[in-house]
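Here is the structure we will look at.
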Amino acid sequence: MTTATRRAVLLLPVAASAAMAQEGDMAAAERAILAGRTPREAGIAFDMPRLSENGNSVDVAVRVDSPMTAADHVRAIHILSEKNPVPRVASFFLTPRAGRAEVATRIRLATSQQIIVLAETSAGEVHRAAREVIVVLGACVEGG
Amino acid sequence: MASPIVARITLPERARRGEVVTIRVLVRHPMERAIDAPGLTPLPRKILHSMRVTYAGAEVFRAELSQGITANPYIEFTTLAVETGDLVFEWEEDGGATYRREARLVVT
Chain A
124 MTTATRRAVL
134 LLPVAASAAM
144 AQEGDMAAAE
154 RAILAGRTPR
164 EAGIAFDMPR
174 LSENGNSVDV
184 AVRVDSPMTA
194 ADHVRAIHIL
204 SEKNPVPRVA
214 SFFLTPRAGR
224 AEVATRIRLA
234 TSQQIIVLAE
244 TSAGEVHRAA
254 REVIVVLGAC
264 VEGG
Chain B
2 MASPIVARIT
12 LPERARRGEV
22 VTIRVLVRHP
32 MERAIDAPGL
42 TPLPRKILHS
52 MRVTYAGAEV
62 FRAELSQGIT
72 ANPYIEFTTL
82 AVETGDLVFE
92 WEEDGGATYR
102 REARLVVT
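If you want it as structure tokens, here you go:
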């Protein structure tokens, strides 16, 4: 029993990078936000460089097509990362008082990966946009 | 509460009623993310995990942040100019500290 356990431990792949997210973490975070809804791949202008020299600071800007009225507005904008240690990078919560559904920030990226933006509307719809980004110098310590 | 926070809040001094104004917020903060690497003594995570903005009696914007946001976090958002008043920015830091700043918008 003890031997088997020990062997099982030895057989575990040497965690390629313990700090990195596991495959599927982003998918799980996305499912949690979607809560069974099917997103539409439309309505989001997602601006992020295709190649980033420095993963410590990557400019991200998101604009969602929305009239931002009381009846029809964007309630939340989420930024999800495929390979960061924490898949949900940020969530922004808006009201009709925003006037426009527009946010920008700067994020850290561990490595080259896909970034997803989800926008939830007051009507319960979800818009989605995904982009790949190549990161030359990652934000995480190698072998950390 | 009320310890100083270095934040640069950029917004127009005045706006017409109904105009959409862009607000840019840059805070000086390390957003310490608990890196664990050989040779480092890991520090506990200490980030500003939320920023809340109220204006003219209501919350107009809220951000929930992770350690995936850069040090010296930058956030840009918009709001409708509805009346002359203070936009109140409140941050919450890991460990329970809160910070507050105000910025006046004159609406004509």
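Just so you know, the protein sequences line up as chains A and B, in that order.
Under our numbering, the first residue of the first sequence is numbered 124, with each subsequent residue one higher.
Under our numbering, the first residue of the second sequence is numbered 2, with each subsequent residue one higher.
Idealized CB from N, CA, C, for every residue including glycine.
Fair warning: this is a prediction, and the values are worked out from it, not measured in the lab.
So for residue 182/A, helix, strand or coil by DSSP? One-based indexing of the first sequence puts residue 182/A at position 59. In the three-state reduction of the DSSP assignment, residue 182/A falls in the strand class.
Is the beta carbon of residue 189/A within less than 7 Å of some heavy atom of the ligand ZN? The ligand ZN is not among the ligands present in this structure, which contains no ligands whatsoever.
Selected residue, minimal CA-CA separation from residue 159/A, among 183/A, 248/A and 261/A: Within the first sequence, numbered from 1, the residue matching residue 159/A stands at position 36. Taking only the C-alpha atoms, the option nearest residue 159/A is 248/A.
Check for me: the beta strand (DSSP E) holding residue 148/A runs from which residue to which? Sequence index remark: in the first sequence, residue 148/A carries index 25 (1-based). Counting along the chain, residue 148/A falls outside any beta strand (DSSP E), though it belongs to the alpha helix (DSSP H) covering 148-157.
Name the chain B residues that come within less than 9 Å of residue 215/A, Cβ to Cβ? Counting from 1 along the first sequence, the entry for residue 215/A is found at position 92. Residues of chain B with a Cβ closer than 9 Å to the Cβ of residue 215/A are, in chain order, 62, 63, 64, 65, 76 and 78.
Closest Cβ-Cβ distance between residue 58/B and chain A: below 8 Å? Here residue 58/B refers to the residue found at position 57 of the second sequence. So, not an interface residue.
Using DSSP's beta-bridge definition, name the partner residues of residue 226/A. Numbered from its first residue, the first sequence carries residue 226/A at position 103. According to DSSP, which records beta bridges pairwise, residue 226/A is partnered with 185/A.
So, for residue 180/A: in the same chain, excluding its five sequence neighbours on each side, which residues have a beta-carbon less than 6 Å away from its beta-carbon? Counting from one through the first sequence, the residue named residue 180/A turns up at place 57. Result list for residue 180/A: 229, in chain order.
Determine the burial state of residue 195/A: buried for a count of at least 16 other Cβ atoms within 10 Å of its Cβ, exposed for fewer. For this step, residue 195/A is matched to residue 72 along the first sequence. The Cβ neighbour count for residue 195/A, taken over all protein chains shown within 10 Å, is under 16; the residue is labelled exposed.
Under the three-state reduction of DSSP, which class applies to residue 221/A: helix, strand or coil? In the first sequence, counting from the first residue as 1, residue 221/A sits at position 98. Of the three classes helix, strand and coil, the one that applies to residue 221/A here is helix, per DSSP.
Go through its chain and collect everything with a Cβ distance to residue 72/B's Cβ below 6 Å, but skip five positions before and after it. One-based indexing of the second sequence puts residue 72/B at position 71. Once the five neighbours on either side are set aside, the close Cβ partners of residue 72/B are 31 and 32.
Within the same chain, show all residues whose beta-carbon is closer than 6 Å to that of residue 169/A, passing over the 5 residues directly before and after it, in chain order. For this step, residue 169/A is matched to residue 46 along the first sequence. Short of 6 Å from the beta carbon of residue 169/A, and not among the five residues preceding or following it, lie these beta carbons of its own chain, in chain order: 185, 240, 252 and 254.
Please confirm whether residue 105/B and residue 91/B have their CB atoms less than 8 Å apart. Looking up residue 105/B in the second sequence gives position 104. Looking up residue 91/B in the second sequence gives position 90. Contact: no.
Do residue 211/A and residue 150/A have their C-beta atoms within less than 8 Å of each other? Here residue 211/A is taken as the residue at index 88 of the first sequence, counted from 1. Here residue 150/A is taken as the residue at index 27 of the first sequence, counted from 1. Cβ distance not < 8 Å, so residue 211/A and residue 150/A don't count as in contact.
Suppose the cutoff is 8 Å on Cβ atoms and the five residues either side in sequence are ignored; what does the same chain contact list for residue 89/B look like? Walking along the second sequence from the start, residue 89/B turns up at place 88. Exclusion of the five residues before and after residue 89/B leaves 54, 55, 56, 101, 102 and 103 as the residues of its chain whose Cβ lies within less than 8 Å of its Cβ.
Would you mind sorting residue 154/A into buried or exposed? The rule is 16 or more other CB atoms within 10 Å of its CB. Position 31 of the first sequence, counting from 1, holds the residue named residue 154/A. Exposed.
Taking Cβ to Cβ, would you say residue 220/A is nearer than 8 Å to residue 21/B? Along the first sequence, one-based indexing puts residue 220/A at 97. Along the second sequence, one-based indexing puts residue 21/B at 20. Taking 8 Å as the cut-off, the Cβ atoms of residue 220/A and residue 21/B do not count as close.
Would you identify the three-state DSSP class for residue 177/A, choosing helix, strand or coil? The residue labelled residue 177/A in the question sits at position 54 within the first sequence. Annotated three-state conformation of residue 177/A is strand, per DSSP.
How far does the beta strand (DSSP E) with residue 204/A in it extend, from its first residue to its last? The residue labelled residue 204/A in the question sits at position 81 within the first sequence. 197-204 is the span of the beta strand (DSSP E), which, as asked, contains residue 204/A.
Can you give the Cα-Cα distance for residue 12/B and residue 64/B, rounded to whole angstroms? One-based indexing of the second sequence puts residue 12/B at position 11. One-based indexing of the second sequence puts residue 64/B at position 63. Residue 12/B and residue 64/B: Cα-Cα distance of roughly 18 Å.
Can you name the residues of chain B whose CB is closer than 9 Å to the CB of residue 240/A? In the first sequence, counting from the first residue as 1, residue 240/A sits at position 117. In chain order: nothing, as chain B lies at least about 14 Å away.
My guess is that residue 232/A and residue 204/A are in contact by the Cβ rule of under 8 Å, so how many angstroms apart are they, rounded? On the first sequence, residue 232/A is found 109 positions in, with the first residue counted as 1. On the first sequence, residue 204/A is found 81 positions in, with the first residue counted as 1. The pair is a contact, with the Cβ atoms about 7 Å apart (cut-off 8 Å).
Closest by C-alpha distance to residue 47/B, when choosing among 70/B, 18/B, 59/B and 26/B: Locating residue 47/B in the second sequence gives position 46, counting from the first residue. Distance from the Cα of residue 47/B is smallest, within the candidate group 70/B, 18/B, 59/B and 26/B, for 70/B.
Residue 188/A to residue 216/A span [Cα, whole Å]: For the purposes of this step, residue 188/A is taken as the residue at position 65 of the first sequence. For the purposes of this step, residue 216/A is taken as the residue at position 93 of the first sequence. C-alpha separation (whole angstroms): 16 Å.
Can you give the beta carbon distance from residue 29/B to residue 7/B, rounded, assuming they're within the 8 Å contact cut? Against the second sequence, residue 29/B aligns to sequence position 28. Against the second sequence, residue 7/B aligns to sequence position 6. Your pair residue 29/B and residue 7/B checks out as a contact, with CB atoms roughly 4 Å apart and the cut at 8 Å.
With a threshold of 16 other CB atoms inside 10 Å of the CB of residue 14/B, please say whether the residue is buried or exposed. Taking the first residue of the second sequence as position 1, residue 14/B is located at position 13. Exposed.
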